[in-house]
Amino acid sequence: MNPVRVRFAPSPTGALHIGGVRTALYNYLLAKKTGGTFILRIEDTDQTRYVPGAEEYIMEALQWCGILPAEGPGIGGDYGPYRQSERKDMYGQYAQQLVDNAYAYYAFDTAEELSAIRAEYESRKEIFRYDSSTRTSLKNSLTLSEDEVKQRLESGVPYTIRIKIPKDEEISFDDLVRGRVTFSSNEVDDKIMLKGDGMPTYHLANIVDDHFMKISHVIRGEEWLSSTPHHVYLYRFLGWEDSMPQFAHLPLILKPTGKGKLGKRDGAKFGFPVFPLSWKGASEEDSFEGFREFGFDPEAVLNFLAFLGWNPGTEQEIFSLDELAEAFSIERIGKSGAKFDYEKAKWYNQQYLMAKTGQELAETVKPLLANKGYQAEDTYLAKVCELLKERIGLLPEILEQGYYFFEAVKAYDEKTIRKRWQPERVTLFNQLADQIRDTQPYISAELENTIKSFINNSGLKFGEVLPILRIAISGTMQGPSVFDMIEVLGQREVDSRLRTAYSSFDTIKSMN
Ligand code: GLU
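Just so you know, we're using my numbering here: the sequence shown kicks off at 5 and counts up by one.
Right under this line is the structure:
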């Protein structure tokens with residue numbers, strides 16, 4: 005068996021969709037599982053679709069997720085360069101070889117001529133395809149005389165080179181996900197291999213590179229399935245069929261509801277990210293927030309993505325990257341589309357948050373503090389994170405749900421106060437505040453003792469005291485243990501919050 009060499013081959017045409025990250029991940033997992041090599045190749049031969057910054061985005065996204073290529077642009081490797089624009093001089097000879105062996109031909113039809121033909125077909129409600137049924141009536145080296153062809157080539161008339169797909173054949177390949185896939189060659193068009201500007205198309209460059217980079221498996225999205233017959237023909241025509249990679253076409257990622265593929269605009273529509281990182285496009289419509297900016301942990305994102313189209317065949321859902329690599333197998337990739345489930349993404353994230361220490365979480369929250377105008381000591385922040393981590397799905401929610409750890413309470417839960425606050429108990433509650441203030445050491449367990457024995461001695465019920473304390477220090481009935489909150493907020497802060505709150509409660513109570 006040849007060593008496993010897999011590649012992720014994005015085109016830098018904009019931000020990398022989360023489906024692309026899943027493709028990269030599956031390639032990475034197979035390489036890691038088999039001791040193989042994961043390669044990044046940038047497919048930038050289409051100059052018209054090139055978007056500045058997209059390549060950097062791809063690299064940063066892979067870095068953020070922690071799926072790092074062993075070979076690629078800026079990384080090196082024995083099969084470089086890994087950017088197709090830097091390899092452009094090597095493709096022409098293979099297009100020529102195809103022509104010389106009668107597997108391809110020169111086509112001289114101009115763009116205007118082709119669009120006129122297309123329009124004519126459309127007017128008859130038909131679709132035009134350049135293929136074995138139409139090429140004999142078009143302007144190419146199969147229909148023009150040898151002299152005419154020669155003359156055109158010599159005079160520098162622009163031309164393309166098209167692959168000559170045989171008529172009436174079956175073309176099959178074994179897909180590791182879908183099994184044997186067969187197309188009729190009559191459905192396969194004569195795609196352009198070399199463009200008028202001398203640049204190869206994706207199809208030619210992709211096959212030449214996969215061949216010379218010794219790629220063993222092509223793992224890519226389902227949208228490339230219909231291009232695969234062309235690719236198989238190319239391997240055959242170039243004499244490389246013996247070492248053709250194995251194909252695995254991944255299932256589509258579907259919208260959470262309704263039909264169809266999860267598109268880049270679905271994020272804005274449904275209110276969740278569909279890109280790993282934020283992207284600033286030319287327009288507002290083309291700018292997106294990423295999983296990173298939403299506050300996702302990259303490991304949780306990978307775990308979630310791994311399950312969009314694959315499953316381990318067991319009940320286990322939480323997998324580290326190493327565990328995923330261990331468990332991964334192409335055989336367990338599904339054929340049918342996988343629905344993108346944002347709630348599940350958050351569930352994964354929450355599992356990862358809970359497994360981290362407050363200190364680890366604080367490192368990630370720290371850069372977000374300034375945006376909100378908050379300041380906090382590292383140890384304080386770590387304690388807050390520890391306290392709230394089980395109550396949130398996304399880390400930035402700590403600063404929203406738990407804002408009262410960083411600034412004064414903005415509003416008290418009026419409904420509860422109206423129901424539970426008895427102004428005549430203020431003396432009692434001030435005595436409780438005194439006892440809380442004087443508790444030594446000022447830690448949760450000790451505070452709990454103080455408060456509970458106060459309640460027992462006062463003849464009040466727990467439900468008449470604890471909610472009052474909770475709302476006085478946080479404004480809300482939701483939150484972690486009140487004793488823990490008191491400890492973290494600290495003696496001075498709690499004391500001042502309690503005293504201010506009681507008079508505010510009187511005001512709330514007196515309003516209707
Ligand atoms: N450049 C193609 C893309 O953008 C690569 C497809 C493939 O993996 O063959 O997805």
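Just so you know, even glycine gets a beta-carbon here, dropped at the ideal spot from N, CA and C.
1) Assign K195 to one of two classes, buried (16 or more other C-beta atoms within 10 Å of its C-beta) or exposed (fewer than that).
2) From V8 to K36, what does the alpha carbon distance come to, in whole angstroms?
3) With H, G and I counted as helix, E and B as strand and the rest as coil, what does DSSP make of S462?
4) Exposed or buried, V236, counting other C-beta atoms within 10 Å across all chains shown (16 or more means buried)?
5) Whether or not the region 101 to 117 and the region 238 to 245 are in contact is what I'm after, with contact meaning three or more pairs of Cβ atoms, one per stretch, closer than 8 angstroms; do they touch?
6) Could you check how far apart the C-beta atoms of G313 and A342 are, in whole angstroms? I think they sit under 8 angstroms.
7) Can you tell which of A505, G467 and G202 has the C-alpha that lies nearest to the C-alpha of A415?
8) Taking the alpha carbon of G479 as the point to measure from, which residue in E428, D301 and V413 has its own alpha carbon closest?
9) Please say whether Y61 and E75 have beta carbons closer to each other than 8 angstroms?
10) In angstroms, rounded to a whole number, what distance separates the CA positions of A366 and E452?
11) With which residues is K343 paired in a DSSP beta bridge?
12) In this structure, how does DSSP classify V222 when only helix, strand and coil are distinguished?
13) Just to confirm, are I472 and I455 a CB contact at a threshold of 8 angstroms?
14) Could you spell out the range, first to last residue, of the alpha helix (DSSP H) harbouring V430?
15) Could you give the DSSP three-state label for H253: helix, strand or coil?
16) Leaving aside the five residues before and after R336 along the sequence, list all residues of the same chain whose C-beta is less than 8 angstroms from its C-beta, in chain order.
17) Name the DSSP beta bridge partners of T205, please?
18) Tell me whether W244, by its Cβ, gets closer than 7 angstroms to a heavy atom of ligand 1.
19) Provide the residue(s) that pair with F42 in DSSP beta bridges, ordered along the chain.
20) Buried or exposed, going by whether 16 or more other CB atoms sit within 10 Å of the CB of E59?
21) Could you spell out where the beta strand (DSSP E) holding M197 opens and where it closes?
22) Measure the CB-CB distance between E418 and I490 and report whether it falls below 8 angstroms.
23) Any C-beta of chain B sitting closer than 8 angstroms to the C-beta of A272?
Judging by the given coordinates:
1) Per the 10 Å Cβ criterion, buried.
2) The alpha-carbon separation between V8 and K36 amounts to approximately 9 angstroms.
3) DSSP places S462 within a helical segment (H, G or I) once states are collapsed to three.
4) Buried.
5) Short answer: they touch.
6) With a Cβ gap of about 5 angstroms, G313 and A342 count as contacting.
7) Of the candidates A505, G467 and G202, the residue whose Cα lies closest to the Cα of A415 is A505.
8) Of E428, D301 and V413, the residue nearest in Cα terms is V413.
9) Not a contact, by the Cβ cut-off of 8 angstroms.
10) The alpha-carbon of A366 is positioned some 26 angstroms away from that of E452.
11) Note: K343 is bridge-paired with L258 in the DSSP secondary-structure output.
12) Of the three classes helix, strand and coil, the one that applies to V222 here is strand, per DSSP.
13) In this structure, I455 does not lie closer than 8 angstroms to I472 by Cβ.
14) V430 to R441 is the span of the alpha helix (DSSP H), which, as asked, contains V430.
15) In this structure, DSSP gives H253 an extended state, which the three-state scheme calls strand.
16) The beta carbon of R336 lies closer than 8 angstroms to those of W314, N315, P316 and G317 in the same chain, with the five residues before and after it left out.
17) DSSP, once it has assigned bridges, lists no residue as partnering T205.
18) For ligand 1, not one heavy atom lies less than 7 angstroms from the Cβ of W244.
19) BP columns for F42 point to V10.
20) When all chains shown are included, E59 counts as buried.
21) That run of the beta strand (DSSP E) goes I196 to L198.
22) No, the pair does not count as a contact, with Cβ atoms beyond the cut-off.
23) This model lacks chain B altogether, as it is built from one protein chain only.
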